[in-house]
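Numbered according to the working numbering, the sequence shown spans residues 4 to 115. Even glycine gets a Cβ: it sits at the ideal position worked out from N, Cα and C. In what follows, a structure is listed as structure tokens, so that the remarks can point back to it.
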Amino acid sequence: MQTYKIGKTSEDDYIKVFDGIERKTLVYGDNTLLTEFKLEKGKILPAHSHPEEQTGYLVSGHIILIINGERHDIKPGDSWVIPGNSEHGAETIEDSVAVEIFSPVREDYIPE
4 MQTYKIGKTS
14 EDDYIKVFDG
24 IERKTLVYGD
34 NTLLTEFKLE
44 KGKILPAHSH
54 PEEQTGYLVS
64 GHIILIINGE
74 RHDIKPGDSW
84 VIPGNSEHGA
94 ETIEDSVAVE
104 IFSPVREDYI
114 PE
């Protein structure tokens with residue numbers, strides 16, 4: 004028997020990451036975790052790294068994604084993959100929404 008999960012839309016359960024930056028784990032399985040980020044205009048996601056690979060898609064807005072010191076102009080419809088342990092961060096040019104998948108699952112993003 005296959006096990007599956009369904010995530011339903013809700014404005015609940017967003018977690019403040021930094022001032023003007025929130026995230027919500029939408030759904031996760033054994034190997035991947037799907038997260039939505041809301042980023043306010045003018046905010047900065049500081050450079051950081053983690054062992055999980057990160058694949059993203061910009062739903063709306065405009066950001067500058069910085070990966071290993073290289074700047075990338077990201078607009079709606081653009082996507083990216085950041086290898087595990089790569090330093091990355093972002094500058095938010097407009098209010099933005101991004102959806103990202105982490106593999107393997109980020110244990111620290113699993114809701115309590």
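CB contact flag (residue 55, residue 87, <9 Å): yes
Separation of residue 17 from residue 80, as counted between CA atoms: Rounded to whole angstroms, residue 80 to residue 17 spans 23 Å at the Cα level.
Buried versus exposed call for residue 103 [16 or more other C-beta atoms within 10 Å across all chains shown]: buried
Presumed contact (8 Å Cβ cut-off) between residue 95 and residue 42, rounded CB distance: 4 Å
Collapsed DSSP secondary structure at residue 111 in the structure displayed: helix
Helix, strand or coil at residue 53 [DSSP, three-state]: coil
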